[in-house]
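Heads up: the structure comes next, in structure tokens.
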Amino acid sequence: MVIKNVNLETVCGITSTFPDNPHYEVAFAGKSNVGKSSLINALMNRKALARTSSQPGKTQTINFYNINDAMYLVDLPGYGYANANVEIKAKWGKMIEKYLHTSTKLKAVFLLIDIRHQPSDNDCLMYEWMVEQGFAPIIIATKMDKISRGAVPKHIKMIADTLKVEEDTIMIPFSAETKQGREEIWELIDSLVLPEEDELLAAAELETAGPVAEETAGANGVADDAQAEPEKQRKPRWKATGKETAKKTKKLQEKKAAKTASKSGKKIKKK
Ligand SMILES: Nc1nc2c(ncn2[C@@H]2O[C@H](COP(=O)(O)OP(=O)(O)OP(=O)(O)O)[C@@H](O)[C@H]2O)c(=O)[nH]1
Ligand SMILES: [Mg+2]
Numbered sequence: 007m008v009i010k011n012v013n014l015e016t017v018c019g020i021t022s023t024f025p026d027n028p029h030y031e032v033a034f035a036g037k038s039n040v041g042k043s044s045l046i047n048a049l050m051n052r053k054a055l056a057r058t059s060s061q062p063g064k065t066q067t068i069n070f071y072n073i074n075d076a077m078y079l080v081d082l083p084g085y086g087y088a089n090a091n092v093e094i095k096a097k098w099g100k101m102i103e104k105y106l107h108t109s110t111k112l113k114a115v116f117l118l119i120d121i122r123h124q125p126s127d128n129d130c131l132m133y134e135w136m137v138e139q140g141f142a143p144i145i146i147a148t149k150m151d152k153i154s155r156g157a158v159p160k161h162i163k164m165i166a167d168t169l170k171v172e173e174d175t176i177m178i179p180f181s182a183e184t185k186q187g188r189e190e191i192w193e194l195i196d197s198l199v200l201p202e203e204d205e206l207l208a209a210a211e212l213e214t215a216g217p218v219a220e221e222t223a224g225a226n227g228v229a230d231d232a233q234a235e236p237e238k239q240r241k242p243r244w245k246a247t248g249k250e251t252a253k254k255t256k257k258l259q260e261k262k263a264a265k266t267a268s269k270s271g272k273k274i275k276k277k
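For what it's worth, the numbering used here labels the leading residue of the sequence shown as 7, then goes sequentially.
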């Protein structure tokens, strides 16, 4: 995504109603101080639009950053902030849970883990909870500038093992200092939020064919499937989102693998 304009559009506290946004959202969750706001600044090419602090507990609201009037990056308060009082902590937890449950525009959830440390019990609980809800969380291992390049794979494996990540989980090491990993994260977000070519083509075809075609497509396609499946067995929307994310992320990984294979193929040919 080429960043043209960014804007902190909505700030939600514990008593706020969440916005009914017109575009897709991707959200960033993780322990306090792990680097969620710093990652969002790096993605937006801004130094301090998202407020950061060396003291944990800086972000205490859910902040929606509008990107190019095309999508939203959502900064969540961190969990595990020891100094907040128990009642407030519980309210933040409920607020995050409610957002993840109810947003109709949430396309993907990123879970941030400090690359230096073994994930905490809270990290494991959060990961498990997200998976149970049907999400396929993407893991960002933050602050990679704090360890040597050679140690990165070992630390990624330690995080994967401790969280017991599902097969095909995408894990991206990232540094807000050096911006390493930024392009990879944008590539992934683009693939999730930008409509695919075939979806655009299908929409264009429907538009050209007019309302009759649309009705027919509805009657023979989605509507029929919905009728065939009993109401109570239908998966809640956010389950579908999780599955969709898993499918798309898998596709992206396959594309990458093919790219790498073709690159190494070229090298062999040159020799
Ligand atoms: N060296 C280094 N420091 C980082 C990195 N990312 C964040 N930090 C620092 O870590 C501290 C916390 O960063 P934030 O982005 O405020 O963390 P947060 O997850 O938003 O924290 P809360 O809002 O409290 O939940 C700040 O002092 C940042 O400068 C990184 O990639 N490398
Ligand atoms: Mg923050």
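Idealized CB from N, CA, C, for every residue including glycine.
Let me know the alpha helix (DSSP H) ranges lying completely inside the stretch 36-60, each 4 residues or longer, listed in chain order.
List check, alpha helix (DSSP H) in window: 42-50.
Using the beta-carbon count (16 or more within 10 Å), is GLY284 buried or exposed?
Since the displayed the chain opens at 7 and closes at 277, residue 284 lies outside it and no answer follows.
GLY140 to SER154, Cα distance in whole Å?
Within the sequence shown, the letter at position 134 stands for residue 140. Within the sequence shown, the letter at position 148 stands for residue 154. Approximately 34 Å between the Cα atoms of the pair.
For ASP288, report the span of its alpha helix (DSSP H) as first-last.
Past the edges of the chain, shown from 7 to 277, lies residue 288, and the structure says nothing about it.
Heavy atom of ligand 1 less than 7 Å from the Cβ of SER60, yes or no?
Residue numbering aside, residue 60 sits at position 54 when the sequence shown is read from its first letter. SER60: yes, Cβ under 7 Å from ligand 1.
On a CA-only basis, which of LEU198, ARG188, LEU200, VAL199 is nearest MET50? Give me that one, please.
Position 44 of the sequence shown, counted from the first residue, corresponds to residue 50. Measuring from the Cα of MET50, the nearest candidate turns out to be ARG188.
Have a look at LYS104 and GLN186 and give me their C-alpha separation to the nearest angstrom.
As a position in the sequence shown, residue 104 is number 98, starting the count at 1. As a position in the sequence shown, residue 186 is number 180, starting the count at 1. The straight-line gap from Cα to Cα measures roughly 32 Å.
Just how far apart, CA to CA, sit VAL8 and GLY63?
The residue you call residue 8 lines up with position 2 of the sequence shown. The residue you call residue 63 lines up with position 57 of the sequence shown. C-alpha separation (whole angstroms): 30 Å.
Determine the direct distance from the alpha carbon of ALA210 to that of ALA54, and round the result to whole angstroms.
Position 48 of the sequence shown holds residue 54. Position 204 of the sequence shown holds residue 210. Whole-angstrom Cα-Cα distance: 40 Å.
Assuming ASN72 contacts ASN13 (C-beta within less than 8 Å), just tell me the rounded distance between them.
Locating residue 72 in the sequence shown gives position 66, counting from the first residue. Locating residue 13 in the sequence shown gives position 7, counting from the first residue. About 5 Å; that satisfies the 8 Å criterion.
Grab me the residues of ASP120's own chain with a C-beta within less than 6 Å of its C-beta, minus the 5 sequence neighbours each way, in chain order.
Here residue 120 is taken as the residue at index 114 of the sequence shown, counted from 1. For ASP120, where only same-chain residues beyond five positions count, the Cβ hits under 6 Å are VAL40, THR148, LYS149.
Out of curiosity, what's the CA-to-CA distance linking GLU15 and ALA157?
Residue 15 sits at position 9 when you count from the first residue of the sequence shown. Residue 157 sits at position 151 when you count from the first residue of the sequence shown. Straight-line Cα distance between these residues: approximately 39 Å.
Quick one, are the C-beta atoms of PRO143 and VAL115 less than 8 Å apart?
Position 137 of the sequence shown holds residue 143. Position 109 of the sequence shown holds residue 115. Yes, the pair counts as a contact, with Cβ atoms nearer than the cut-off.
Skipping 5 residues on each side, what residues in its chain have a beta carbon closer than 6 Å to that of GLU190?
To locate residue 190, count along the sequence shown from 1; it is residue 184. For GLU190, where only same-chain residues beyond five positions count, the Cβ hits under 6 Å are ILE178.
Classify GLU183 as helix, strand or coil using the three-state DSSP reduction.
By one-based count along the sequence shown, residue 183 stands at place 177. In this structure, GLU183 counts as coil in the three-state DSSP scheme.
So, helix, strand or coil for LEU117, using DSSP?
The residue given as residue 117 occupies position 111 in the sequence shown. Note: LEU117 maps to strand in three-state DSSP.
For the beta strand (DSSP E) containing TYR85, name the first residue and the last one.
In the sequence shown, the residue the question calls residue 85 occupies position 79. TYR85 -> no beta strand (DSSP E), and no H or E assigned at all.
Write down the C-beta distance between ASP151 and THR175 rounded to the nearest angstrom, noting that I regard them as a contact closer than 8 Å.
Within the sequence shown, the letter at position 145 stands for residue 151. Within the sequence shown, the letter at position 169 stands for residue 175. In fact, because the Cβ distance is near 23 Å, the residues do not count as touching under 8 Å.
Do LYS4 and ASN27 have their CB atoms nearer than 8 Å?
Because residue 4 is not part of the residues shown, which for the chain are 7 to 277, the question remains open.
By how many angstroms is the C-alpha of PRO25 removed from the C-alpha of GLU134?
On the sequence shown, position 128 is the one that residue 134 refers to. On the sequence shown, position 19 is the one that residue 25 refers to. Roughly 27 Å between the two C-alpha positions.
So the beta strand (DSSP E) ILE146 belongs to, where does it begin and stop?
Looking up residue 146 in the sequence shown gives position 140. It spans 144-148 - the beta strand (DSSP E) in which ILE146 sits, taken as one unbroken run.
Give me the Cα-Cα distance between VAL80 and ALA264, rounded to the nearest whole angstrom.
By one-based count along the sequence shown, residue 80 stands at place 74. By one-based count along the sequence shown, residue 264 stands at place 258. Taking the straight line joining both Cα atoms gives about 31 Å.
Out of SER43, CYS130, LYS160, HIS123, which one is the CA nearest neighbour of ILE68?
If you number the sequence shown from 1, residue 68 lands on position 62. Per the Cα distances, SER43.
Nearest to VAL17 by CA position, among THR58, ILE146, PHE70, is which residue?
The count along the sequence shown starts at 1 and reaches residue 17 at position 11. When each option's Cα is compared against that of VAL17, the closest is PHE70.
Are the beta-carbon atoms belonging to PHE34 and LEU131 less than 8 Å from one another?
To locate residue 34, count along the sequence shown from 1; it is residue 28. To locate residue 131, count along the sequence shown from 1; it is residue 125. In this structure, LEU131 does not lie closer than 8 Å to PHE34 by Cβ.
Please state whether the Cβ-Cβ distance between HIS29 and TYR78 is less than 8 Å.
Position 23 of the sequence shown, counted from the first residue, corresponds to residue 29. Position 72 of the sequence shown, counted from the first residue, corresponds to residue 78. Cβ atoms of HIS29 and TYR78: closer than 8 Å.
Within the continuous alpha helix (DSSP H) that includes VAL137, where are the two ends?
For this step, residue 137 is matched to residue 131 along the sequence shown. That run of the alpha helix (DSSP H) goes 127-138.
Report the residue from GLU193, ALA208, LYS10, SER181 whose alpha carbon sits nearest the alpha carbon of LEU45.
If you number the sequence shown from 1, residue 45 lands on position 39. The candidate whose alpha carbon is nearest that of LEU45 is SER181.
By how many angstroms is the C-alpha of GLU31 removed from the C-alpha of GLU221?
Locating residue 221 in the sequence shown gives position 215, counting from the first residue. Locating residue 31 in the sequence shown gives position 25, counting from the first residue. Caution applies to GLU221, whose pLDDT of 48 falls short of 50 and renders its modelled position unreliable; the value that the coordinates give is listed next. Looking at the two C-alpha atoms, the distance is approximately 29 Å.
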